[in-house]
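Undergrad:
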Amino acid sequence: MIYADDLVVVTHRPLSEGAPMPGYLFIETRRHVPTLADLTDDEGAAVGWAVRRSAYALRTELAPEFVFSAITGRSVAHFHQHVFVRPEGTPDVVNWFDSDSWEGGPRIGQSGLTVLCERLSAHFVQG
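Going by numbering that gives the first Met the number 0, the sequence shown opens with residue 0, and the numbers climb by one from there.
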């Protein structure tokens, strides 16, 4: 876990999903709702704050070419927003949403992911 409060949780995508690429985060609401339109104003504000912090943390810690965000909601009926990097040097033929398919892209193991999540979490200090 990278960050959690009463409304949202920020985690890194498990290494067992897709290629084990560093820099793919999920922002989820604690309350189970299916879509963005179902969030309360407070939940929407918390998600927005967490998405911006996630993008800033990823840009600072990984120096990617881009940081993207998307809400798809096709496979799980629970609100979650994706925030993910496009690593520097990703070939133009690789779709914006599919950077982890690039075989030459960066990869990470569990110990590296633990360290990365600790570094990312430092960017969520409120104050």
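We put the beta carbon where it would ideally sit given N, CA and C, even for glycine.
When the Cα atoms are used, what is the spatial distance from residue 53 to residue 12?
TA: For residue 53 and residue 12, the distance between alpha carbons rounds to 13 Å.
Undergrad: Just list the residues that DSSP pairs residue 83 with in beta bridges.
TA: Paired residues: 23, 67.
Undergrad: In three-state terms, what does DSSP make of residue 122?
TA: helix
Undergrad: Measure the alpha-carbon distance for residue 51 versus residue 66 and round it to whole angstroms.
TA: 10 Å
Undergrad: Going by DSSP, name the residue or residues bridged to residue 9.
TA: Residue pairing for residue 9: DSSP places it in a beta bridge opposite 2, 26.
Undergrad: Based on Cα-Cα distance, which residue from 6, 18, 8 lies nearest to residue 98?
TA: 18
Undergrad: Determine the burial state of residue 63: buried for a count of at least 16 other Cβ atoms within 10 Å of its Cβ, exposed for fewer.
TA: The residue is buried, with at least 16 neighbouring Cβ atoms inside 10 Å.
Undergrad: May I ask which residues mark the beginning and end of the alpha helix (DSSP H) holding residue 35?
TA: Careful: residue 35 lies outside any alpha helix (DSSP H) and carries neither H nor E.
Undergrad: Between residue 122 and residue 23, how many whole angstroms is the CB-CB distance? I'm expecting something under 8 Å.
TA: With 8 Å as the limit, residue 122 and residue 23 do not qualify as a contact, their Cβ atoms being about 16 Å apart.
Undergrad: Drop a sphere of 10 angstroms on the beta-carbon of residue 104, count the other beta-carbons inside from all chains shown, and report buried for 16 or more, exposed for fewer.
TA: Classified as buried, residue 104 has 16 or more neighbouring CB atoms from the shown chains inside 10 Å of its CB.
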